[in-house]
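J.:
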Amino acid sequence: MRSVALSLLTWFFGSVFSCPLVFLDNGFSGRKDFQTEPSRTCPVLPSCHYTGFLDVTCNPSVTVSFDFVGFRNGSGKDAFEVRVWPEQLALELGGDLNINCSTSCVQPETGGLETTLTKTVQASQPQWIQYLLSNVSEDSVIHCYFTCSGKQLFKSASISVFYPPKQVKLKLQPTWVVVGRPFSLECKVLAVVPLEKLTLTLLRGTETLHNQTFRNATVNPQEIVVTHNFTAHQEDNHRNFSCRAELDLRALGGELLHSVSAPQVLKVYVPPQDNQMTIIIAVVSVLLFLFVTSVLLCFVFGQHWHQRRTGAYGVQAAWRGMRWPYRAQPTAQALGYPYAEQLGDQTTPLWVPE
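Note that the sequence shown covers residues -18 to -1, 1 to 336 in mature numbering (1 follows the signal peptide of the UniProt record, and there is no 0).
1) Please report the distance separating the alpha-carbon of V123 from that of G94.
2) So, for residue 340: in the same chain, excluding its five sequence neighbours on each side, which residues have a beta-carbon less than 6 Å away from its beta-carbon?
3) Would you call the segment 138 to 150 and the segment 172 to 187 touching, i.e. three or more CB-CB distances under 8 Å?
4) Is T100 near L115, with beta carbons less than 8 Å apart?
5) Leaving out the 5 sequence neighbours to the left and right, which residues in its chain are closer than 8 Å to H240 when beta-carbon positions are compared?
6) Examine the Cβ distances between the segment 81 to 98 and the segment 126 to 138 and report whether three or more of them are shorter than 8 Å.
7) Relative to the C-alpha of V208, which candidate in N219, Q216, L185 has its C-alpha closest?
8) What number of angstroms, rounded off, separates the C-alpha of H192 from the C-alpha of C169?
9) For the segment 132 to 201, which segments carrying the beta strand (DSSP E) assignment without a break, of at least 3 residues, lie completely within its bounds, in sequence order?
10) Hey, how far is the Cα of Q246 from the Cα of V252?
11) Within 10 angstroms of its Cβ, does S119 collect 16 or more other Cβ (buried), or is it exposed?
12) Is it buried or exposed for D7, if we count other Cβ within 10 angstroms and need 16 for buried?
13) Have a look at the DSSP bridge pairing and note the partners of H210.
14) Compare the beta carbon distance of Y113 and Q104 with 8 Å and say whether it is the shorter of the two.
15) Taking 8 Å as the cut-off, decide whether the C-beta atoms of S267 and S243 are in contact.
16) Measure from the alpha carbon of R221 to the alpha carbon of each residue in R290, T188, H210, then state which is nearest.
17) Go to T100, then tell me how far its beta strand (DSSP E) extends in each direction, as first and last residue.
18) Here's the rule: buried if 16 or more other CB atoms are within 10 angstroms of the residue's CB, otherwise exposed. What is S84?
19) So which of D218, S276, A61 has the shortest CA-CA distance to Q134?
20) Compute the Euclidean distance between the alpha carbons of F212 and D218, then round it to the nearest angstrom.
Structure below.
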């Protein structure tokens, strides 16, 4: 708001009055004249605020002439203002900045800018000076000052240095997962300044999954890494996951800067319920078949081995097991007649084939 007060130059009853005006607008000055006809004495000197044109009248309808000389709210002749533009600014690291210092004093004695930054005067007039601040690499507070009628006033402005999130990378591990199993998202951002203004957001499509802020950070690391684990759901299949970095500089006189990583696609495998039961039954059937087959093979090979040991017929084994005296009967075998084998008190006729 531009506030001014007025000093009385001329006042003649019944005459035409000229009102010269000098106004300021960010260091640029101009002059405007107008004439009015007064009707009677103005009892009190009014104050004025510049709003595009100056309209100073007394009630009833007495107009006087005033000179716009930089009074402050009509408080006195020694009051003036010092302004700086912009008053607050967020500047990218290593950037340049134009600063404008101005005053409402018509003829200031001195004026300038106090700062530790590298400054160069670009242009100047008695009521304003424009500076160029070069290669700004740190936060700073600058002070514009002017001296008017032996009194010095100053106005301060703050400069906040930032480095935007230019590279945001997202790592999805694993990219293929069974439903119900965990997977992780790792978001990585190169050095960002100021870190306390940074927010990292993990996204599934446009849906926010997780937010990470750094409000209590004490240092600015070279690399910021945020990792978060999630459980795979069926609706996650073939969905895009990404990471968004936002640097909110609005409270510092800047803008909301953001950068988004390249999307990563997650594949989720969902086994059908019916196939699971079929697979279980098939596996059990195969195992049972192998077990029965192995038992049968063991039995067959066992019988074969036993037959090789005992012969093909049991008669041969019994014949070999008979006592020697009964086996040697050459006359009866030779003749082919029945012969009597004494078994206790009984006799059994035996026929020996020819």
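Beta carbons are placed, not taken as given, at the ideal position from N, Cα and C, and that holds for glycine. Given the structure is predicted, the values throughout are model-derived calculations rather than measurements.
T.: Let me lay it out:
1) 14 Å
2) This structure cannot settle anything about residue 340, because the visible part of the chain is limited to -18 through 336.
3) yes
4) yes
5) P147, R226, A227, E228, L229
6) yes
7) L185
8) 11 Å
9) 133 to 144, 150 to 155, 158 to 160, 164 to 172, 180 to 186, 189 to 195
10) 19 Å
11) exposed
12) With a pLDDT of only 36 at D7, under 50, the local geometry of the prediction cannot be trusted, and the value read off the model is given with reservation. Exposed, because fewer than 16 other Cβ atoms sit within 10 Å of the Cβ of D7.
13) L167
14) yes
15) no
16) T188
17) 100 to 107
18) buried
19) A61
20) 11 Å
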